[in-house]
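Everything below concerns the one structure shown next.
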Amino acid sequence: MLLRGLTALVLFQLLGTLLNVLWLSFLPGPIIGLVLLFIFLVWRGEVDEPLAVASTSLLRYLPLLLVPAAAGVMLYGPVLKANFWALAAALLLSLVLALLFTGWLMQRLIERQQRREAP
Amino acid sequence: MSADWQAAWQAVIHHPLFAFGLTLGSYQLAMAAYERTRWVFLQPVLVSMALVIGSLWLLDIGFEEYRRHSELLTLFLGPATVALAVPLFMNLKRIRLLFWPVLITLVLAGVVATVLGVGLGWLFGVDQQMLMTLAPKSVTSPIAMLVAAEIGGVAALAAVFVLLTGVLGAMFGPELLRLIGVRHPAAHGMALGLAAHAVGTARALQEGEECGAFAALSMSLMGVATAVVLPLVVALIV
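So the sequence lines, in the order shown, correspond to chains B and C. Under this note's numbering, the first sequence has 58 at position 56, and the numbering climbs by one with no breaks. Under this note's numbering, the second sequence has 1400 at position 194, and the numbering climbs by one with no breaks.
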């Protein structure tokens, strides 16, 4: 079950890599794979068991898979130090503004839709 | 007869499985710490990353060697990213009712979040490489790393920016939203998922089921939308 789903995921990613090299050089292979799998799921209308099992198991360990890649920050100490305050300010400010804007906009749109449905 | 302890020690710490074991061990320690305390800033990825870096530094192992030996784990990031299509599909099925509000918010707020990050960074004098690393900061880590690498940023740093954004958003997001009068659970969820991705989604789930569902939805939509659009836009501008 798990292996069948895992094979499907690997195949979609390899298909993505193929398309990446052939025509879509600006999109990373796994992203193309994601979009292809999504289209496939919409076409099928449901997630079959092996795929559900494999994706749930893999995504449960996603944080672990990220650790080696994230540890690469140790190579960027000097760059980080040089840009520290600018980066911190940009991250914090854009987070707060984006968060508030998203919440506010969504609330307005929901209220508008509700007003329209119940005149 | 004296056993060569030095050689044995070197053989252990330079064995390919050492990097793998170190990562597994650090992750489990970090998970245990997180589960015991439930402190949002003890994100397992950040804590295990710090443990790994500390150990490599203490044992005097170069990052290049660690990277080569832990490649097996990194390799699985690809299929894991593909697997994100499954939750996206499941979440999309739920939102028929609020389709237009979700779509409009995704497009407008997604652009605002990305432009603000890059724009403010530029304003504060961050260099080009770091700007490209900041661009995907509102997207879940695996996608953010791919996108950052694609547009000329640093994948590892992108992952860390993403996690810090998520932690801060999850810590202060709900209070800030209430402060400006946003009360609808779907709006809370949308904001948490779009601005603070996975960590925000976990927080949104604590606020309630509807809030969590919308957070998961906006996180996956924002991830895919950014992954497809951002490299295109950067390719056109730069």
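Cβ atoms here follow ideal geometry from the backbone N, Cα and C, with glycine treated the same way.
**Asked** Going along the chain, which residues of the stretch 97–111 of chain B sit with their C-beta nearer than 9 Å to a C-beta in chain C?
**Response** 97, 98, 99, 100, 101, 102, 103, 104, 105, 106, 107, 108, 109, 110, 111
**Request:** Could you tell me which of 1252/C, 1272/C, 1309/C sits nearest to residue 68/B, measuring between CA atoms?
**Result:** Translated into the one-based positions of the first sequence, residue 68/B becomes position 66. Ranking 1252/C, 1272/C, 1309/C by Cα distance to residue 68/B puts 1252/C first.
**Asked** Looking at the structure shown, is residue 28/B part of a helix, part of a strand, or coil, going by DSSP?
**Response** Taking the first residue of the first sequence as position 1, residue 28/B is located at position 26. DSSP places residue 28/B in coil when its eight states are reduced to three.
**Partner residues on chain C for residue 86/B, Cβ-Cβ distance less than 9 Å** = Mapped onto the first sequence, residue 86/B falls at position 84. Correct list: empty, because the minimum Cβ distance to chain C is about 10 Å.
**Prompt:** With a CB to CB cut of under 8 Å and the five nearest residues on each side skipped, what residues in its chain are close to residue 1229/C?
**Reply:** Stepping through the second sequence from its first residue, residue 1229/C is reached at position 23. Excluding residues within five positions, the ones whose Cβ falls inside 8 Å are 1254, 1258, 1276, 1279.
**Asked** How would you list, in chain order, the residues of chain C whose beta-carbon sits under 9 Å from the beta-carbon of residue 5/B?
**Response** In the first sequence, counting from the first residue as 1, residue 5/B sits at position 3. Those do not exist, as residue 5/B stays about 12 Å from chain C at its closest Cβ, beyond 9 Å.
**Through-space distance from residue 115/B to residue 70/B, alpha-carbon basis** = Position 68 of the first sequence holds residue 70/B. Position 113 of the first sequence holds residue 115/B. Looking at the two C-alpha atoms, the distance is approximately 46 Å.
**Request:** May I ask you to verify whether the stretch 75–87 of chain B touches the stretch 1375–1385 of chain C, counting CB pairs closer than 8 Å and requiring at least 3?
**Result:** no
**Message:** Could you compute how far the alpha carbon of residue 28/B sits from the alpha carbon of residue 93/B?
**Reply:** Sequence index remark: in the first sequence, residue 28/B carries index 26 (1-based). Sequence index remark: in the first sequence, residue 93/B carries index 91 (1-based). Roughly 26 Å between the two C-alpha positions.
**Request:** Mind listing the chain B neighbours of residue 1306/C? Cutoff is C-beta to C-beta under 9 Å, in chain order.
**Result:** As a position in the second sequence, residue 1306/C is number 100, starting the count at 1. By Cβ distance, chain B contributes 111, 115.
**Message:** I'd like the list of long-range same chain contacts for residue 1345/C, defined as Cβ closer than 8 Å, with 5 residues on each side in sequence excluded.
**Reply:** Position 139 of the second sequence, counted from the first residue, corresponds to residue 1345/C. Here the set comprises 1353, 1368, 1403, 1428, 1429, 1432, 1433.
**Message:** On the criterion of 16 or more Cβ atoms from any shown chain inside 10 Å, does residue 1409/C qualify as buried, or is it exposed?
**Reply:** For the purposes of this step, residue 1409/C is taken as residue 203 along the second sequence, with counting starting at 1. Classification for residue 1409/C: buried.
**Prompt:** Any idea if residue 1376/C is buried or exposed, counting beta-carbon neighbours within 10 angstroms, 16 or more meaning buried?
**Reply:** Numbered from its first residue, the second sequence carries residue 1376/C at position 170. The residue is buried, with at least 16 neighbouring Cβ atoms inside 10 Å.
**Asked** Of all the residues that make up the stretch 1389–1417 of chain C, which are near chain B by a beta-carbon distance shorter than 8 Å?
**Response** 1389, 1390, 1392, 1393, 1394, 1396, 1397, 1398, 1400, 1401, 1402
**Item:** Chain-ordered residues of the stretch 8–34 of chain B with a beta carbon less than 8 Å from chain C
**Value:** 8, 11, 12, 14, 15, 18, 28, 29, 30, 31, 32, 33
**Interface residues of chain C facing residue 37/B [CB-CB closer than 9 Å]** = The residue labelled residue 37/B in the question sits at position 35 within the first sequence. Here the neighbours are 1291, 1430, 1433, 1434.
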